[in-house]
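A short worksheet on the structure shown next.
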Amino acid sequence: MKIKIVNRGVLNRLIAVAAIALCCVMALPAAAHAEDQTEFHITNRNDFLACVALSRQRDTSQWRVYLDNDIVLNDDDMKAIVEDTVKHLSFGNKEHPFKGVFDGQNHTVKGLNYEN
Numbered sequence: 102m103k104i105k106i107v108n109r110g111v112l113n114r115l116i117a118v119a120a121i122a123l124c125c126v127m128a129l130p131a132a133a134h135a136e137d138q139t140e141f142h143i144t145n146r147n148d149f150l151a152c153v154a155l156s157r158q159r160d161t162s163q164w165r166v167y168l169d170n171d172i173v174l175n176d177d178d179m180k181a182i183v184e185d186t187v188k189h190l191s192f193g194n195k196e197h198p199f200k201g202v203f204d205g206q207n208h209t210v211k212g213l214n215y216e217n
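Heads up, the sequence shown is in this note's numbering, so the first residue is 102 and it goes up one at a time.
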């Protein structure tokens, strides 16, 4: 009897872990990593950073980037994240200049300072 109860507890935990993993996978956009993705919607600073990083690796001539929310980038946490990841917040680079369309949709990006 105790064995069945223990096994049921293990099974319930496995089902819970599988359900959480499935929810995490389903929460990701289907085309988030597609090589041919050309439309991007930026809703938060993580989306912004991901788009900046990706723009430095690909041809952006067919890109359409939409800013769906106001973004704030100038707090101390963000400065540390930028230093550890993308180094500066400009789209594209010398090898892959940004040639797409950036539609701000009347939203703003605050704290976007570029020093050269």
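Beta carbons: idealized from backbone N, C-alpha and C, even for Gly.
Sequence-distant residues of the same chain with beta carbon closer than 7 Å to F162, five excluded per side:
For this step, residue 162 is matched to residue 61 along the sequence shown. Before going on, a small fix: residue 162 reads as Ser here, not Phe. Counting only Cβ-Cβ distances below 7 Å, and skipping sequence neighbours, we find K200, G201.
Where does the unbroken beta strand (DSSP E) through D204 begin, and where does it stop?
Counting from one through the sequence shown, the residue named residue 204 turns up at place 103. Start and end: 202-204.
On the DSSP letters alone, give me the boundaries of the beta strand (DSSP E) that R165 sits inside.
In the sequence shown, the residue the question calls residue 165 occupies position 64. First-last of the beta strand (DSSP E) with R165: 165-168.
Could you name the residues of the same chain whose beta carbon sits closer than 6 Å to that of G139, not counting the 5 residues immediately before and after it, in chain order?
As a working note, residue 139 is residue 38 in the sequence shown. Per the sequence shown, residue 139 should be read as Thr rather than Gly. Cβ within range, chain order: Q163, W164.
Identified DSSP bridge partners for H208
Taking the sequence shown and counting its residues from 1, the one referred to as residue 208 is at position 107. Per DSSP, none; premise fails for H208.
Could you check the C-alpha separation between R159 and V210 for me, to the nearest Å?
On the sequence shown, residue 159 is found 58 positions in, with the first residue counted as 1. On the sequence shown, residue 210 is found 109 positions in, with the first residue counted as 1. Taking the straight line from one Cα to the other gives about 23 Å.
Reference D204; option with closest CA among N170, N147, R146
Here residue 204 is taken as the residue at index 103 of the sequence shown, counted from 1. D204 has its Cα closest to that of N170, out of N170, N147, R146.
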